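Throughout, our numbering is defined as the position within the sequence shown, counted from one, plus 92.
Beta carbons: idealized from backbone N, C-alpha and C, even for Gly.
Small disclaimer: the values here were computed from a predicted structure and weren't measured.
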Amino acid sequence: MEDISLRLGGLACPDCAQKLGQILERQKGVKKATVFFTTGKVKINYDPALVTREDLEQIIAKTGYQVL
93 MEDISLRLGG LACPDCAQKL GQILERQKGV KKATVFFTTG KVKINYDPAL VTREDLEQII
153 AKTGYQVL
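Written out as structure tokens, the structure is:
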């Protein structure tokens, strides 16, 4: 398992942050995703054998947010 922290753009509210965390946690290989609305960051604990950083960035982009 690995941890990454990414800066996000486009988070409009705490509910948006919570929903993004839930979407990420439903992905195969993601153990935990915590989105911090106040800092605009997400911390993801994932298995790189099952999901790549690029996969995670694409998922974030598909939900309408930017990885900065």
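One or two residues paired with residue 128 in a DSSP bridge: As a beta-bridge residue in DSSP terms, residue 128 pairs with 133.
Rounded straight-line distance, which links the Cα of residue 114 to that of residue 143: 16 Å
Contact set for residue 157: own chain, Cβ-Cβ below 7 Å, skip 5 residues either direction: 100, 101, 102, 103 and 112
Distance between residue 119 and residue 150 (C-alpha atoms, nearest Å): Going from the Cα of residue 150 to the Cα of residue 119 covers about 12 Å.
Residues of its chain near residue 137, where Cβ-Cβ distance is below 7 Å and the 5 sequence neighbours each way are ignored: 93, 95, 123 and 124
Counted within 10 angstroms of its Cβ, other Cβ atoms place residue 116 as buried (16 or more) or exposed: Its Cβ being crowded by 16 or more others within 10 Å, residue 116 is buried.
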